[in-house]
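Here's the structure we're looking at; comments come further down.
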Amino acid sequence: MGLFDSLKGKITESDTAEMFFNKDVAGLIKATEYHETDPDTRDGAKIRQLAVQFLGDLRDAGALPALKAALTDEDFSVRRGAGSSLKLFSGQDDSLLPRHIKNLENPDYIVREASVTFLRDHNWTPQNAEQDLLFWFGRSMIEIVDDDKIRELGAKTIRPLLKFLEYTHTRDRRSAARWLGIIGNPAALDPLLNLEYNDVAPVVREAATEAIRMIRGYS
Numbered sequence: 719m720g721l722f723d724s725l726k727g728k729i730t731e732s733d734t735a736e737m738f739f740n741k742d743v744a745g746l747i748k749a750t751e752y753h754e755t756d757p758d759t760r761d762g763a764k765i766r767q768l769a770v771q772f773l774g775d776l777r778d779a780g781a782l783p784a785l786k787a788a789l790t791d792e793d794f795s796v797r798r799g800a801g802s803s804l805k806l807f808s809g810q811d812d813s814l815l816p817r818h819i820k821n822l823e824n825p826d827y828i829v830r831e832a833s834v835t836f837l838r839d840h841n842w843t844p845q846n847a848e849q850d851l852l853f854w855f856g857r858s859m860i861e862i863v864d865d866d867k868i869r870e871l872g873a874k875t876i877r878p879l880l881k882f883l884e885y886t887h888t889r890d891r892r893s894a895a896r897w898l899g900i901i902g903n904p905a906a907l908d909p910l911l912n913l914e915y916n917d918v919a920p921v922v923r924e925a926a927t928e929a930i931r932m933i934r935g936y937s
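See below:
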């Protein structure tokens, strides 16, 4: 049973991204027809839009009928997304990079992981220090990144990590604190102290405490 079926037809944008991450083409095809009766809880058009975009990224020929059907969707963004995805199959490749690069800062870590996977698999090269750090921070959620690499990235910038300290998901704040501790830049002390005393999650407070100890040890 695929993710779509296991959710009994009630899916979120994160579920759609997880289907992409797992290359669940069948689930994404079903998601192209998703409609939500309660727009306050889920945005059906947004889910259909993501589904057609992810199907284009995966380039599975089995998705062609669904993408062609989506050209008549009542929502313009879905129709436009379906058209862009269909161009990929005919060699008229729209640039997918801007969307995936932007997603490196997406608050939803599942969407972020899906874009990191896409960029990695397409041998994308970051264009600046912040992109480099964001890319490898995202990769650390799906593979091991050694401490030397983290220090190398952090020697150039820590600004994206400071933003992650304010993200909703516990894993983001905890991981960002861990990275800042490894990097050892004293500029991170004040944000980490705030995290240590005020974060609602014990694991995040513990990670902040350890990071502060490591930074003060380097100072």
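For the sequence shown, the numbering used here begins at 719 and goes up steadily by one.
Note that the Cβ used here is the ideal one computed from N, Cα and C, for glycine as well.
Within 10 angstroms of its Cβ, does Ala779 collect 16 or more other Cβ (buried), or is it exposed?
Sequence index remark: in the sequence shown, residue 779 carries index 61 (1-based). So Ala779 ends up on the exposed side.
Euclidean distance between Cα positions of Thr730 and Pro909:
Working through the sequence shown from its first residue, we reach residue 730 at position 12. Working through the sequence shown from its first residue, we reach residue 909 at position 191. When rounded, the distance between both Cα atoms is 32 Å.
Quick one: is Gln810 buried, meaning 16 or more other Cβ sit within 10 Å of its Cβ, or exposed?
Here residue 810 refers to the residue found at position 92 of the sequence shown. For Gln810, the predicted model reports a pLDDT of 49, less than 50, meaning its position is unreliable; a value from the coordinates is still stated below. Exposed.
Closest by C-alpha distance to Met859, when choosing among Leu806, Met737, Leu837, Arg830:
Position 141 of the sequence shown, counting from 1, holds the residue named residue 859. Checked all of Leu806, Met737, Leu837, Arg830; the closest Cα to Met859 is Arg830.
I need the straight-line Cα distance from Leu879 to Leu852, nearest angstrom please.
Position 161 of the sequence shown, counted from the first residue, corresponds to residue 879. Position 134 of the sequence shown, counted from the first residue, corresponds to residue 852. The alpha-carbon atoms of Leu879 and Leu852 are separated by roughly 8 Å.
Can you find the residues in the same chain that come closer than 7 Å, C-beta to C-beta, to Phe836, ignoring five residues on each side of it along the sequence?
Here residue 836 corresponds to residue number 118 of the sequence shown, with the count starting at 1. Taken in chain order, the residues that qualify are Asp775, His818.
In chain order, which beta strand (DSSP E) runs of at least 3 residues are fully inside the region 763–814?
Within the region 763–814, no complete beta strand (DSSP E) run reaches 3 residues.
Drop a sphere of 10 angstroms on the beta-carbon of Asp917, count the other beta-carbons inside from all chains shown, and report buried for 16 or more, exposed for fewer.
Position 199 of the sequence shown, counted from the first residue, corresponds to residue 917. Asp917 is buried by the Cβ-count criterion.
Reduced DSSP secondary structure (H/G/I, E/B, other) of Ile933
What you label residue 933 is simply residue 215 of the sequence shown in a count that begins at 1. In this structure, Ile933 counts as helix in the three-state DSSP scheme.
Using 10 angstroms around the beta-carbon of Asn740, count the other beta-carbons present and answer buried if the total reaches 16, otherwise exposed.
The count along the sequence shown starts at 1 and reaches residue 740 at position 22. Its Cβ having fewer than 16 others within 10 Å, Asn740 is exposed.
Provide the residue span of the alpha helix (DSSP H) that contains Asp908, from first to last.
Reading the sequence shown from its first residue, position 190 is the one you call residue 908. Annotation for Asp908: the continuous alpha helix (DSSP H) segment containing it runs 907–916.
CA-to-CA distance, Arg896 to Leu913, given in whole angstroms:
Start at 1 with the first residue of the sequence shown, and residue 913 comes out as number 195. Start at 1 with the first residue of the sequence shown, and residue 896 comes out as number 178. Between Leu913 and Arg896, the C-alpha separation is close to 12 Å.
Contiguous alpha helix (DSSP H) assignments of at least 4 residues, all confined to the region 838–910
847–857, 865–872, 877–882, 888–901
Determine contact between the region 861–880 and the region 916–932, defined as no fewer than three beta-carbon pairs at a distance below 8 Å.
Flag = no, the region 861–880 and the region 916–932 do not touch.
What number of angstroms, rounded off, separates the C-alpha of Glu861 from the C-alpha of Trp854?
Along the sequence shown, one-based indexing puts residue 861 at 143. Along the sequence shown, one-based indexing puts residue 854 at 136. If you take the alpha carbons of Glu861 and Trp854, they lie about 10 Å apart.
Exposure of Gln845, with buried meaning 16 or more beta-carbon neighbours within 10 Å:
In the sequence shown, residue 845 corresponds to position 127, counting from 1. Looking at its Cβ environment, which holds fewer than 16 other Cβ atoms inside 10 Å, Gln845 is exposed.
Looking only at its own chain, which residues have a Cβ that is under 7 Å from the Cβ of Leu871, when we skip the five neighbours before and after it?
As a working mapping, residue 871 is identified with position 153 in the sequence shown. Short of 7 Å from the beta carbon of Leu871, and not among the five residues preceding or following it, lie these beta carbons of its own chain, in chain order: Asp850, Leu851, Trp854.
On the DSSP letters alone, give me the boundaries of the alpha helix (DSSP H) that Ile747 sits inside.
Taking the first residue of the sequence shown as 1, we reach residue 747 at position 29. It spans 743–749 - the alpha helix (DSSP H) in which Ile747 sits, taken as one unbroken run.
Spell out a yes or no on whether the region 741–749 and the region 786–794 are touching, meaning 3 or more CB-CB pairs, one atom from each, closer than 8 Å.
Taking one beta carbon from each stretch, the region 741–749 and the region 786–794 have fewer than 3 pairs nearer than 8 Å; the two do not touch.
Assuming Asp733 is part of the alpha helix (DSSP H), what are its boundary residues?
Here residue 733 refers to the residue found at position 15 when the sequence shown is read from its first residue. It spans 731–739 - the alpha helix (DSSP H) in which Asp733 sits, taken as one unbroken run.
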